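Protein sequences appear in the order of chains A and B. Following the numbering used here, the numbering of the first sequence begins with 113 at its first residue and continues without gaps. Following the numbering used here, the numbering of the second sequence begins with -8 at its first residue and continues without gaps. A quick write-up on the structure given underneath.
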Amino acid sequence: MWVGLGIAEIGRTVGGLIRQGRPLPVVLSALCQLFDATAKGFSSSVLLLDRTGARVRSAAGSSLPASYIKQLEGRRVSWSETPSGATINAKKPVIVLDPVSVPLRKDQEAAPATAPGLRLHEASPIVSLTGEPLGIFAVYRRESNPDVIHCPSALIPKFTQVAGAAIERMRSDEALERSAALLERTQQLSSTCCFSWHVETDEISWSKELCRLFELDPSDVPVTLELIGARIHSEDLASFREMIERARSGVSDFEFEHRLRLPDNSVKYLRIVAHGTRNQEGQLEYIGAVQDVTHRRHTEEALARLRAELAQAARVTSLGVLTAAIAHEVSQPLAGIVTNASTCRRMLAIDPPDVEGARETTRRTIRDAERASEVIKRLRALFCKKGATSESLDLNEVTREVVALSVSELERNKVIVRTELAGELPPVQGDRVQLQQVILNLFLNASDAMSGVDDRPRQLLIRTERDEEDRVRLSVRDTGVGFEPQGVDRLFDAFYTTKSSGMGIGLSVSRSIIESHKGRLWATPNEGPGATFSFSIPCRPQDAMAGATGARSLGAIRMSAVTNAEERHGRSL
Amino acid sequence: MTVTVKRPLVAVVDDDESVRESLPDLLRELGYSARAFSSAEEFLASDCIGETRCLILDIAMPGMTGPDLQQELTVRGQEIPIIFITAQADETVHLRSLEQGTVACLLKPFSDTALFEALNTAFRVS
């Protein structure tokens, strides 16, 4: 009766349970039940091995006593020994299942499991397709039924095979679940989520974490572009749509930064990086990662604020240094005003009044007053506390204004100022006040470096010129004490100073200002005495735009990746 | 207005143009003859050192400063009363007051009365 039971039939029964999603012990118990029902007088069990194949993880069996099953769990399995009575080859397991047929060896760690009234008939290893040990299919003879001694041996390999398939299937399901769980956890940890977008059908698949990020209900399926659009910050919506259109047109990669406006009105900053691929039918699909960069953004903003405050502190410090120079700058025209007005009064007081002379002195009075107010205006611009702005600037003009403001202070320190400004410089894009702050700082540093120099002229050469790669350069060369080559790295550190007065933040702030203009600031020792400090900034507006404003624009597509992709594809924008 | 030879000559040495423009006019209104120079070197190179009865001298100038010129004149044996003018308050303390013919130090901007008094002192000294 049992001989007719084929592998296909066993497979169908077990397969049905697997498809129903029943847990492995249930499936294996059912398998054992099927065997026990087929082979009268015999009981079977399936022992599952752990991942190392060295120990029994759990055991399933339908008609074996629970106490016996319990005893087997966690037992060590030996793979190398071949004890008597077991028909096992080199890769087959040996397990102490029966104290009678398998004698204990000296090194065996625990007493054998015992099951009253049961004798081991056969233990067959369950091996994966790749030869990994998965478990053991064990068949026992019931002593209470001594008449039946012929085991349906032909059945055992079939059951073993089906048990193997069931275990393997379950294991791969488990592995899949584990890696999905791991992915989700990784996404949570790295604040990164992933998605895929099938462009032709607009099918979007989202990770759970991404739903959480967008504060969408995971049951809101399918996720649509409209659903996503509803969460995008209104100011970034246009660029988001533009990005979608570009992506539809078939660029290979894109990068995008935008904000979300969530139902509770809070704002999140996201960064998307996506890679486009075409499937076999040539349909475009993007696979991408979304990262929550809110925290980073906030940190960056705090840093920018701090930098602005530091720059302001540096400005106020130089204001103190410049007080005398400012007084001088304002007093000169004031002297002219007072003298001219006095002369005018006298010219009008004589008889007959010198009207022509009075008119001339009045003209000069007005001119000097305008000159004084120019000085005040320049000072106000230089020392006001306001956010960075970006405009098209002539570096020569910017430099001349600083020279005008500081030349008397420099001359007071017996510094001979010489300027060599390039004839025609292309405009740069940047913040006038910030750049003037840097230039002023370089002048004052140079002047300080020369304050103790008496054996040679204190010369300050200010030069502007075209630099390579569409950049313009300003350099300030002094004949001061210079710096030790090993000190060059520290020059730009905040609070590093060689002076007894001063906070030492000037150069560090200057460098951060120049870097925000996409430029660089550096120092080189001169051939002769002194040092030269230079900065170089790009003169093409589009290169300098992004950083100069301090707070970077949002909702902007980072075009670099897109452009590169388009170049690769030989398309024009 | 005609400048007579009898009017004593006051020389103004200042690198600031508005001072060079305005001060000589005021000096003429006050009854002096006046000439302006943009640097100490220019004054030294001129032919009117001997004629100058009073020198109105800026302290801080590129190249040779006011006190430098004063020293040079002393070396040359030219004793001209000097009225220093400066836009910087702290520079007045560096002057050894009334030494080497210093009669006054005026802080810019100064009134015509202050200038008139200083000139009177200068001419009393000389």
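Even for Gly, the Cβ is constructed at its ideal location relative to N, Cα and C. Remember, predicted model here, so these are calculated numbers, not experimental data.
Report the CB separation of L507 of chain A from V405 of chain A in whole angstroms; it is logged as a contact under 8 Å. Not confirmed; about 34 Å, so no contact.
On a CA-only basis, which of A:R475, A:G133 and A:L146 is nearest D285 of chain A? Give me that one, please. A:G133
Would you check if the region 636 to 651 of chain A and the region 542 to 562 of chain A touch, i.e. whether three or more CB-CB distances between them fall below 8 Å? yes
Taking the alpha-carbon positions, what's the K99 of chain B to I626 of chain A distance? 38 Å
Can you tell me the Cα-Cα spacing of H345 of chain A and M355 of chain A, whole angstroms? Answer to the nearest angstrom: the Cα atoms are 14 Å apart.
Who are the Cβ neighbours of E327 of chain A in its own chain at under 8 Å, not counting the five residues just before and after it? Annotation for E327 of chain A: R343, L374 and P375 place their beta carbon closer than 8 Å to its own, counting only its chain and skipping 5 residues before and after.
Between the Cα of R283 of chain A and those of A:L136, A:V588, A:K182 and A:H407, spot the shortest distance and give me the residue it belongs to. A:L136
On the premise that E523 of chain A lies in contact with A51 of chain B, defined as a C-beta separation below 8 Å, what is that separation, rounded to the nearest angstrom? 6 Å
9 Å Cβ cutoff met for V561 of chain A and V515 of chain A: Checking the sequence, you will find Ala at residue 561 of chain A rather than Val. Going by C-beta atoms, A561 of chain A is not nearer than 9 Å to V515 of chain A.
Quick one, which of A:R358, A:T451 and A:S317 has its alpha-carbon nearest L339 of chain A's? A:S317
Own chain partners of S236 of chain A with C-beta closer than 6 Å, once the 5 adjacent residues on each side are dropped: Excluding residues within five positions, the ones whose Cβ falls inside 6 Å are F249, I268 and T272.
Nearest-angstrom Cα separation, counted from T65 of chain B out to L106 of chain B: 23 Å
Contact criterion: CB-CB distance below 9 Å. Does S102 of chain B meet it with respect to chain A? yes
Rounded Cβ spacing between L537 of chain A and R578 of chain A (contact assumed at less than 8 Å): 7 Å
State yes or no: is the beta carbon of S30 of chain B nearer than 9 Å to at least one beta carbon in chain A? no
Could you list which residues in chain B have their beta carbon closer than 9 Å to that of L446 of chain A, in chain order? A78, K99 and P100
Can you name the residues that DSSP bridges to S236 of chain A? A:F249
Residue ranges of each alpha helix (DSSP H) within the region 340 to 395 of chain A, 4 or longer: With a minimum length of 4 residues, the continuous alpha helix (DSSP H) runs that stay inside the region 340 to 395 of chain A are 349 to 360.
Count the other CB atoms, across all protein chains shown, that sit within 10 Å of the CB of C144 of chain A; report buried if there are 16 or more and exposed otherwise. buried
Would G448 of chain A pass as a contact of S102 of chain B if the rule is Cβ separation under 9 Å? In this structure, S102 of chain B does not lie closer than 9 Å to G448 of chain A by Cβ.
Under the DSSP definition of a beta bridge, which residues are partnered with Y398 of chain A? A:W309 and A:G388
Bridge partner(s) assigned by DSSP for L590 of chain A: The sequence as given places Asp at residue 590 of chain A; Leu does not occur at that position. The partner list for D590 of chain A (beta bridge, DSSP) reads A:L572.
Between R568 of chain A and I384 of chain A, what straight-line distance do the alpha-carbon atoms span, to the nearest angstrom? 60 Å
Take R409 of chain A and list the residues in its own chain whose beta-carbon comes closer than 7 Å to its own, dropping the five residues that flank it on each side. Y381
Residues of chain A with CB closer than 7 Å to the CB of D7 of chain B, please, in chain order. One finds Q444 in chain A with Cβ atoms closer than 7 Å to the Cβ of D7 of chain B, taken in chain order.
Taking 8 Å as the limit between beta carbons, can you name the residues of its chain near D59 of chain B, skipping five residues before and five after? A31
Quick one: does V10 of chain B have its CB under 9 Å from some CB of chain A? yes
Hey, out of A:S518, A:F368 and A:L372, whose CA is closest to G400 of chain A's CA? A:F368
Assigned secondary structure, V208 of chain A (DSSP; H/G/I helix, E/B strand, else coil): Legend: pLDDT at V208 of chain A = 42, less than 50; position of this residue unreliable, value from coordinates given subsequently. V208 of chain A carries a coil assignment under DSSP once its states are collapsed to helix, strand and coil.
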